[in-house]
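Structure first, then comments.
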Amino acid sequence: MRSLFVLEGSIEMAAEDKSQKLEMMRHSASHIMAEAVKSLFPEAKFAIGPAIEDGFYYDFDLTRSLAAEDLPAIEARMKEIIAANTPFTHEEISAKEALKLFAGQPYKVELINDLAEDKVSIYKQGGFTDLCRGPHIKASGEIKAFKLTSVAGAYWRGDEKRPMLQRIYGVAFAKQADLDEYLQRIAEAAKRDHRKLGKELDLFSLHEEAGPGLVYWHPRGAMVRQIIEDFWKVEHRRRGYDIVYSPHIAKVHLWETSGHWNFYRDNMYSPMVIDEIQYVIKPMNCPFHILMYKTQLRSYRNLPMRYAELGTVYRYERSGVLHGLARVRGFTQDDAHIFCRPDQLEAEVKDVVELAQFMMKSFGFEEYEMMLSTRPEKYTGTLESWDMATAALRNVLEKLQIKYQVDPGEGVFYGPKIDIKLKDALGRTWQGPTIQVDFQLPERFDVNYVGEDGHEHRTVMIHRTVLGSMERFFACLTEHYAGAFPLWLAPVQTVLIPIADRHVDYAAKLLAEMRARDIRAQLDERSERMNLKIREAQLNKIPYMLIVGDKEVENGTVSVRMRNGEDLGSLSFSGFLERIESLIKSRELAKL
RNA sequence: GCCAGCGUAGCUCAGUGGUAGAGCAGCUGUUUCGUAAACAGCUGGUCGCGAGUUCGACUCUCGCCGCUGGCUCCA
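592 is the number that the working numbering gives the last residue of the first sequence; the numbers go up by one with no jumps.
The following block contains the structure:
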């Protein structure tokens, strides 16, 4: 339908909103790229080429591998096509004709057959014809600003068992200024990459020789983590969670009971043998919490019970997917398992969703996506229980009037879930908080409570994290603030900078006072120039620099400089303490 | 795991078929200074690992490991 508007001209076009127009232009750019590839690689087989956020891609099957060096030639050819302003024409032809037309194009043939329609839509521009629903721009000259950005492998139809194609990514905008702005933004984003900042700010490291995907938290990164964890613990106690600790390994038998050995084995490490019994390192904490729950007969009066644990788990991740702290092989989940009655499920889910929102807000994340993930292909349990759990999750989202998207088939094997996705500096999304209903584990472990009627009933379980994992959350947090952590999270909150060696004694007194008050302060007592100390403190993104010289020693003051360069001038030390303590207490999030 | 690219000093990077350089960092000395880098000297690398080609490999070839961008998969 939309394609008709385009063909009919400008009146309807004006009604189309800007983003649709951009999307159409990007989609058209992918066709033009395909045409360029066709002229440079006549033997190319074409797969698909949609518009995506900021741009487009097209997947090709070529006789040789593309490298980044091939892009300029393709771009140049595209520019010729655009300069020629060749029209896009639309046609509806019979599937039979289409099969003939795309005879040498196996991927197109597959698409036509899968469509199973009598008529298919095709678009033609210059020397390139594509099977396509459209709509498209009127002529290639409408592409104003584009750039090819990268080449990558991509499986045909996203299936790793099918051929790997070569994908070329590009970006396209309505005008050159927008493209320039985009490229600028990407360059800026690269500067806040947590992997880069992790090194620069001495937050963490990973070691090839010790094993990929295993994280070493340096003192400063560890400090931030401790603050997050302390905050997390307090907020959980307040909400009726009990904090627990569990071991790191368990007998394979336990994982057989839980079903992980069947459904999750690909992500689990090989067993180790202890006294002739096989043990594996835990990929999840749930079975452990269940064992604790089951140590007593539980009454309906005691439910819900909420076991929370900062539980470190190890999962095998294929080598190609590891990514700094955002995707690792050993990580600590801010996990909890809620054991409740079916009638409590919805209220519990609601509390968890609200807690997750509170956490996001506390750490300054304003933008995140809520996803409702439904039943996957591989699953345990009955359809009825899946429907019931899914409905409970949906109800909570609706009642809280939260905007969410449905991710069909993305649930875990034991139940549906609500996920919160956080964005990194480059706009890639990472799954953070997750709330998963589980009717299966209680069955497998025979988890019960004694009801009002004196009989045993099946307990319902909720798995949930409200940050995700410490590693991934810390990665996103670092990128969100470009390493300039808010005052309450900053590993070093203030640094004392004596101007000359004779000021060190005074500075040391202030240091002791601040440390006594739990302010994370440091003293830079090196015999270096003040300018150097300021520069280094600035590069380390330390929120407050306290410069002390003759004047300050004499008056009992500090000269306060903030990391954004702002000079607050001379403050009485007590005045400064008052200021910083109140900002820390309020968990101020200002980005300085 | 798959496709492509990359791997040189602690960091950021230059370099060549004839056995390696810069800046910063580090160390030593001098300097004691008012809001983003004082000055001088010194140290530092089996050029990711292992084979192969070659008179000779950091450079060319192959394999492996790791990293980067994607794909698949997931907190």
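From the three backbone atoms N, C-alpha and C, an ideal C-beta is built for every residue, glycine too. Predicted model only: the values in this text are computed from it and were never measured.
Worksheet item: Mind checking whether residue 231 and residue 166 have CB atoms under 8 Å apart?
Response: no
Worksheet item: Under the three-state reduction of DSSP, which class applies to residue 141: helix, strand or coil?
Response: helix
Worksheet item: To the nearest angstrom, how far is it from the Cα of residue 514 to the Cα of residue 388?
Response: Those two C-alpha atoms are separated by around 54 Å.
Worksheet item: From residue 581 to residue 153, what does the alpha carbon distance come to, in whole angstroms?
Response: 52 Å
Practice prompt. Take every Cβ of the stretch 269-282, pair it with every Cβ of the stretch 405-424, and state whether three or more of those distances are shorter than 8 Å.
Written response: no
Discussion item. Here's the rule: buried if 16 or more other CB atoms are within 10 angstroms of the residue's CB, otherwise exposed. What is residue 164?
Written reply: exposed
Worksheet entry | Closest residue to residue 488 among 544, 435, 444 and 21 (Cα-Cα distance) | 544
Discussion item. Give the list of continuous alpha helix (DSSP H) stretches no shorter than 4 residues that lie fully inside the stretch 363-441.
Written reply: 383-399
Worksheet item: How do the stretch 279-299 and the stretch 322-340 stand: do at least 3 beta-carbon pairs fall below 8 Å, yes or no?
Response: yes
Practice prompt. On a CA-only basis, which of 255, 139, 329 and 286 is nearest residue 600? Give me that one, please.
Written response: Any question about residue 600 goes unanswered here, given that the chain covers just 1 to 592.
Discussion item. Can you check which of these residues, 193, 194, 218 and 254, is closest to residue 202 by C-alpha distance?
Written reply: 218
Worksheet item: When DSSP builds the beta bridges, which residues end up paired with residue 65?
Response: For residue 65, which the question treats as bridged, DSSP gives no partner whatsoever.
Fill in: Sequence-distant residues of the same chain with beta carbon closer than 8 Å to residue 332, five excluded per side
In the same chain as residue 332, and ignoring 5 residues on each side of it, the C-beta atoms closer than 8 Å to its own belong to 310, 311, 312, 313, 469, 470 and 471, in chain order.
Worksheet item: residue 327: beta carbon under 7 Å from a heavy atom of the ligand ATP?
Response: As presented, the structure is devoid of all ligands, the ligand ATP included, so that no description of it is given.
Practice prompt. To the nearest angstrom, report how far apart residue 228 and residue 17 are at their CA atoms.
Written response: 43 Å
Worksheet item: What's the C-alpha gap between residue 174 and residue 58?
Response: 20 Å
Discussion item. Looking only at its chain, what residues have a beta carbon closer than 8 Å to the beta carbon of residue 536, apart from the 5 residues adjacent to it on each side?
Written reply: 524
Practice prompt. Determine, using beta carbons only, whether residue 519 and residue 538 come nearer to each other than 8 Å.
Written response: no
Worksheet item: With 16 other CB atoms within 10 Å as the buried threshold, where does residue 540 fall?
Response: buried
Worksheet item: Under 8 Å, do residue 397 and residue 432 count as touching if we go by C-beta distance?
Response: no
Worksheet item: So, using beta-carbon positions, are residue 146 and residue 123 closer together than 8 Å?
Response: no
Practice prompt. Within the same chain, show all residues whose beta-carbon is closer than 7 Å to that of residue 530, passing over the 5 residues directly before and after it, in chain order.
Written response: 497, 499 and 547
Worksheet item: Looking only at its own chain, which residues have a Cβ that is under 8 Å from the Cβ of residue 237, when we skip the five neighbours before and after it?
Response: 243
Worksheet item: Cα-Cα, which of 334, 74 and 445 is closest to residue 307?
Response: 334
Practice prompt. Could you please give me the residues that DSSP links to residue 217 through a beta bridge?
Written response: 204
Discussion item. Could you tell me the alpha carbon to alpha carbon distance between residue 254 and residue 264, rounded to whole angstroms?
Written reply: Roughly 13 Å between the two C-alpha positions.
Worksheet item: Can you tell which of 459, 505 and 176 has its C-alpha closest to the C-alpha of residue 293?
Response: The residue with the shortest Cα to Cα distance from residue 293 is 459.
Practice prompt. Give the straight-line distance between the Cα atoms of residue 54 and residue 528, rounded to the nearest whole angstrom.
Written response: 48 Å
Worksheet entry | residue 51 versus 65, 97, 491 and 133, residue with shortest Cα-Cα distance | Residue 133 is the option with its Cα nearest to residue 51.
Worksheet item: Does the Cβ of residue 28 have 16 or more other Cβ atoms within 10 Å, making it buried, or fewer, making it exposed?
Response: buried
Item to complete: Mark residue 426 as exposed unless 16 or more other C-beta atoms lie within 10 angstroms of its C-beta, in which case mark it buried.
Response: With fewer than 16 other Cβ atoms within 10 Å, it is exposed.
Discussion item. Between residue 252 and residue 234, how many whole angstroms is the CB-CB distance? I'm expecting something under 8 Å.
Written reply: That belief does not hold up - the Cβ atoms of residue 252 and residue 234 are roughly 37 Å apart, past 8 Å.
Worksheet item: Under 8 Å between the Cβ atoms of residue 373 and residue 407?
Response: yes
Discussion item. With H, G and I counted as helix, E and B as strand and the rest as coil, what does DSSP make of residue 163?
Written reply: coil
Worksheet entry | Cα-Cα separation, residue 365 to residue 68 | 35 Å
Discussion item. So, does the stretch 81-95 touch the stretch 190-197, judging by three or more C-beta pairs under 8 Å?
Written reply: These segments do not touch.
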